[in-house]
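Colleague: Protein chains in written order, with this note's numbering: chain A, 1 to 537; chain B, 1001 to 1365.
Once you've had a glance at the structure underneath, I'll fire off some questions.
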Amino acid sequence: MRLPALALKDKAAVAQYWPQLQGHLALGLTLALVTLPQAVAFSVTLAGVPPHFGIYAAIWGVLFCSLLNPSRVFHGGPNTAMSATIGVTLLPLAPPFGAEYMGYALTLGLVAGLIQMAFYLVRPLGRMLDLISEPVINGMICGIGLFLIFKSITTFGGLPLNTEVEWPVWIAWQSLLAVLEIGNMQAIQVGLITLIACVVVQQFARLRKWAILIGIVAGTLYSEYLSATVGLENTLIEQIGNLASIGLVYPSLPLFNQEAMPDVIALVPGAVTLALLGLFQTVAAMRRMNRKVGGYTDSRKAIFSDAVSNCLLPFLSSLPTCASFNRMWLVNQLGIHSRIAIASSALWLLVLVLFLAPLIAVIPMPAMAAIIMLLGANMIQWEDIKPHFKDRREAVVFTASFLAVLLLDLFSAVLVGSVLAIAYSKWAQAHPNISLRGNVLKLRGNLYYGSLPVVESTFHGAIARTRDLIIDFSDCYYIDQEGIRWLAATKTKHKITFTDRRSGSERRQGERRVTGARKRIAGRRRDRPDRRQRSEF
Amino acid sequence: MSAQIAKLARVLVLLVVLGGLYVLAIHKHEQRETLRRADVALTPGCADKLARYGLVAGEHYQSPYVLAKDGVAAKLRGYTQPDVRAIQRGCNIIDDTQGHFARDTGLERWNSKRFIRGSHTSCDHCHQGIGDKQDAEGNRLKGSLSLAASWAMADMYDRFTGLLLPYELRQMQCYINSSNGYKPNISDDLIRDVTAYSRFLSAALDLKIGNHYDEQGVDEIAASATVKQGDDYIRGEALYKDKCQSCHGRQAVGTVADGRVIAPALAGPNAWNMQSRNYFYYVSTILPGFICRNMPLGQENTLSNQECRDIAYYISNLPRPAGDRQGPLIALQNQFLMAVMPPLMRLTESQTKDPAPAQHAAGAR
């Protein structure tokens, strides 16, 4: 695709590119408008820093990521879990919104960025992030979707956010009761109008990509009508507010002086959590979304882009960035996959903040809450979940990580889901398929410390009944040192024969790989034979 | 075609659900509006208290308390009918949080129970004398957690976080102490009515904003205020058995008679949780301070500082609910402990030579 700027040279070219460009700009504007309230809310209510931290993350964070990350659906920017981690880490160190607190927030971001850089430089560390399986990611996505709906209920009802709370499901129920009992009826009306306008417009294929914008406009118009007739002082509907003072850029320095050092050391565990939380979400979200649109991006590139962005952002007074599930879902849903559209969202936001601040100031928060609820609902797609319920193991992993998001938090969802998934795959490996036909014991699978007891039990059962036992290794593709020692020991104690019934050329080929010319198939394995092809016999 | 119908049906279902919720919201709002307009049925304690303070709607308000104490008849701006009702509701909530005197608890106490764990807790347990504890001569008592004095210190800075805390948020601290996992929204009527009542008390007692009064908060007892023997829960247990057990019961799970709380639980499922500032392991100065100045009832200020710390230490060792932020695992562990420990303790105590006197066993439930 050519740059839209080049296309502006003559009118014919504009006409030619206009439909495409129009889509990109619509997506960019939608993303910008969706990011804006999230940026304000995350920085003020979760991280405990002024709103410009979130907005700079939504401008510069998104821009850096779209420039550095080759994925066509990647949307960075401020993130719920990361902002909450900042708040939780820094609260014991300094009072929120103070100069010291902001300095620590920047330091925390920088240290997290450096840790992420270590994940890029040390290859196995980065590779570990790939061990998050698809059911885990989908469980998290569904959990986050519900979580977004729950979180928006109070804002939807025009009530102040309750920040003292933890367990999302319980809170959702209580918030709903609170909205029904003491909610601001006019705010609820604004939210409902936005929601219904969005849902109705979404039903028309041609208008789909404008749906969210139309919803916001409808909600804003109604709220303006209320302000004109009843008066804002009576409706008390919260609005985004004037952000005109934010400006283009606001340089800052993380706090790293002598007196601050004990506190800086105290926030290192928080920084590790922050770094991991960001990378987990980035790698998981990117992999999931890339597969959905049929693309592929090396996760190392995403780690690199996150690490570099997070090392730069603390100098621009901004929150750290990582992938945003809900906004990437929006990109996917609107069907426009281009880094230009994503970069344009950052530029749109800059334009909005710089020139149109009075206009966006009147957008009511209940309307924004309605949009976020809709995003959350769209993240739960039965077509994506259904395949996981065909396999019991996947179903368990999916359910576990889904519940962990709702009951615990994102980080533990990753841990619980991944541990379960890895345990399942290890369990499968530890149970090789062993068959005994006549006096031939055939092994299919791995022979290693985990599977050895299983093999042993069959072997000793067989050796008691059969003489001249033959162990067939044709389908055994990996034997570890413990397995070799066991085989050697058994060979001396019992009368057994080992065979490998693969054809001679196959076997020789395997041997050549072990000893002969070392042709690298993939990855760096300097002087070691390629384990996947290795035959010990 | 059928796909389109399914799509249409989905949208219609969504619209119907949203519409239903909207209608429900309108109904709930109307219910609340009628409640706020209706006359308030005062609890006996509140009727007595508000009569003593001479609360009536009118152009001016004159405090009998100030008149009796200083001999000055200060005229204050009066209260409107809605103001009076808010104050009365606030008083009811403080006196009878669980709604034992209410016909319809959920409505009349405005769901205060929803946010409080267990069936014992009432604001009045700590904020004694319905939020303004006085002796027979009308002297307000030191460290008695007076709501009036607390209002006079409204909007002060929090000691721990350095944040400016409005009076509403400071009420939130009380909910954290005995929370059910969710605190009322900051704009809830519950918070507003209690604020109205506290503000009224403050004005009626002629307390001045920003001043510090002795009855404000707890007279905290730090370890440095003792002779530094070190705190000891073994001594605490002996003291508990001597001084507290006759009311609060052997396992400190409180005493209930005829559905009325005689003495609230200090441990177990009905007590404050592990993230409360009353929890000795979290803040070690507040509970001893409360005990010294307010307990045992009628013999206040008889215990020494060290004794109070020991008792508080002992009480905090008994199993109690986990705080909301401690996560489901610790909550589960504590539920288990609360279920298992009391019978286990009864069993071991029944095996010892000195069985509990009969009246104690009756109180222990």
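In this text, a Cβ means the ideal position worked out from N, Cα and C, and glycines have one as well.
By alpha-carbon positions, which one of A/L91, A/I55, A/W210, A/N138 ends up nearest to A/L29?
Modeller: Taking only the C-alpha atoms, the option nearest A/L29 is A/W210.
Colleague: Alpha carbon to alpha carbon, how far is A/M328 from A/H337? Give it in angstroms, no decimals.
Modeller: Taking the straight line joining both Cα atoms gives about 10 Å.
Colleague: Look at B/I1130 and B/C1091 and say whether their C-beta atoms are less than 8 Å apart.
Modeller: A contact, by the Cβ cut-off of 8 Å.
Colleague: Identify whether B/P1321 lies in helix, strand or coil by the three-state DSSP scheme.
Modeller: Here B/P1321 sits in coil by DSSP.
Colleague: Residues of chain A with CB closer than 8 Å to the CB of B/L1024, please, in chain order.
Modeller: In chain order: L180.
Colleague: What did DSSP end up calling A/N439 once you bin it into helix, strand or coil?
Modeller: Coil.
Colleague: Mapping DSSP to helix, strand and coil, what is B/N1278?
Modeller: Residue state, collapsed to three classes: coil.
Colleague: Does the stretch 296-316 of chain A come close enough to the stretch 274-287 of chain A that 3 or more CB-CB pairs lie under 8 Å?
Modeller: They touch, by the three-pair rule.
Colleague: Spell out the partners DSSP gives A/P364 in its beta bridges.
Modeller: A/P364 pairs with A/Q239.
Colleague: In three-state DSSP terms, what is A/Y120?
Modeller: In this structure, A/Y120 counts as helix in the three-state DSSP scheme.
Colleague: Quick one: what's got a C-beta closer than 6 Å to B/R1089's C-beta in the same chain, skipping five residues either side?
Modeller: Only V1040, D1193 meet the Cβ criterion.
Colleague: Taking only beta carbons into account, state which residues of the stretch 199-211 of chain A come closer than 8 Å to chain B, listed in chain order.
Modeller: Residues passing the 8 Å Cβ filter: V199, V200, Q203.
Colleague: Mind checking if B/Y1182 is an interface residue toward chain A, Cβ cutoff 8 Å exclusive?
Modeller: Chain A contact via Cβ: present.
Colleague: Quick one: list the residues of chain B neighbouring A/P160, beta-carbon separation under 9 Å, in chain order.
Modeller: Simply N1185, I1186, S1187.
Colleague: Taking 8 Å as the CB-CB cut-off, is A/M373 touching chain B?
Modeller: Closer than 8 Å: no.
Colleague: Give me, in chain order, the residues of the same chain whose beta-carbon lies closer than 8 Å to that of B/P1166; leave out the 5 immediate sequence neighbours on both sides.
Modeller: A1154, D1155, listed in sequence order.
Colleague: Taking the alpha-carbon positions, what's the B/T1195 to B/S1316 distance?
Modeller: Rounded to whole angstroms, B/T1195 to B/S1316 spans 30 Å at the Cα level.
Colleague: Please tell me whether B/H1060 has its Cβ less than 8 Å away from any Cβ of chain A.
Modeller: It does not; no Cβ of chain A falls within 8 Å.
Colleague: Can you find at least 3 beta carbon pairs, one from the stretch 150-158 of chain A and one from the stretch 383-397 of chain A, that sit closer than 8 Å?
Modeller: Touching, no, given that fewer than three Cβ pairs across the two stretches are closer than 8 Å.
Colleague: For the stretch 437-502 of chain A, list the alpha helix (DSSP H) runs that are entirely contained and at least 4 residues long, ordered along the chain.
Modeller: You should have 452-465, 481-493.
Colleague: Identify, in the order they occur along the chain, each residue of the same chain with its Cβ nearer than 8 Å to the Cβ of A/H431, setting aside the five sequence neighbours on each side.
Modeller: Correct list, in chain order: G445, S451, V454.
Colleague: Hey, would you say A/L469 sits closer than 8 Å to A/I496, going by beta carbons?
Modeller: In contact: A/L469 and A/I496 (Cβ atoms closer than 8 Å).
Colleague: In whole angstroms, what is the alpha-carbon distance linking B/V1011 and A/R288?
Modeller: In a straight line, the C-alpha of B/V1011 is about 28 Å away from that of A/R288.
Colleague: Can you give me the C-alpha to C-alpha distance between B/E1349 and B/D1132, rounded to a whole angstrom?
Modeller: So the alpha carbons of these two residues sit roughly 40 Å apart.
Colleague: In terms of residues, what are the limits of the alpha helix (DSSP H) holding A/L313?
Modeller: Element bounds for A/L313: n/a, residue is neither H nor E.
Colleague: So which residues of chain B does A/N149 contact, with C-beta pairs closer than 9 Å?
Modeller: This sequence places Ile at residue 149 of chain A; Asn is not what is there. Result: empty, since nearest Cβ-Cβ is about 13 Å, beyond 9 Å.
Colleague: Distance, Cα to Cα, B/Y1157 vs A/H52?
Modeller: Spanning the two alpha carbons is a distance of roughly 25 Å.
Colleague: Could you pull the start and end residues of the alpha helix (DSSP H) that B/Q1081 belongs to?
Modeller: Its alpha helix (DSSP H) spans residues 1081-1095.
Colleague: By a C-beta neighbour count over all protein chains shown, 10 Å radius and 16 as the cutoff for buried, is B/E1300 buried or exposed?
Modeller: It counts as buried.
Colleague: If A/L68 sits next to A/V308, beta carbons under 8 Å apart, how far is it from one beta carbon to the other, in whole angstroms?
Modeller: With a Cβ gap of about 6 Å, A/L68 and A/V308 count as contacting.
Colleague: By the criterion of Cβ-Cβ separation under 7 Å, what are the contact partners of A/Q186 in chain B?
Modeller: In chain order: nothing, as chain B lies at least about 12 Å away.
Colleague: Give me the chain A residues within the contact set of B/H1029, using Cβ-Cβ distance strictly less than 9 Å, ordered along the chain.
Modeller: The answer, in chain order, is L180, E181, I182, G183, M185.
Colleague: By the 8 Å beta-carbon criterion, what residues does the stretch 1320-1334 of chain B contribute toward chain A?
Modeller: Under the 8 Å Cβ criterion, the stretch 1320-1334 of chain B contributes D1324, R1325, G1327, P1328.
Colleague: Would you mind telling me which residues of chain B sit closer than 7 Å to A/Q174, beta carbon to beta carbon, in chain order?
Modeller: Residues of chain B passing the Cβ test: Y1182.
Colleague: Give the single residue among B/I1311, B/R1293, B/T1034, B/K1049 whose Cα lies nearest to the Cα of B/G1143.
Modeller: For B/G1143, the nearest C-alpha among the options comes from B/R1293.
Colleague: Assign B/V1072 to one of three DSSP states: helix, strand, or coil.
Modeller: In the structure shown, B/V1072 sits in coil (DSSP, three-state: anything other than H, G, I, E or B).
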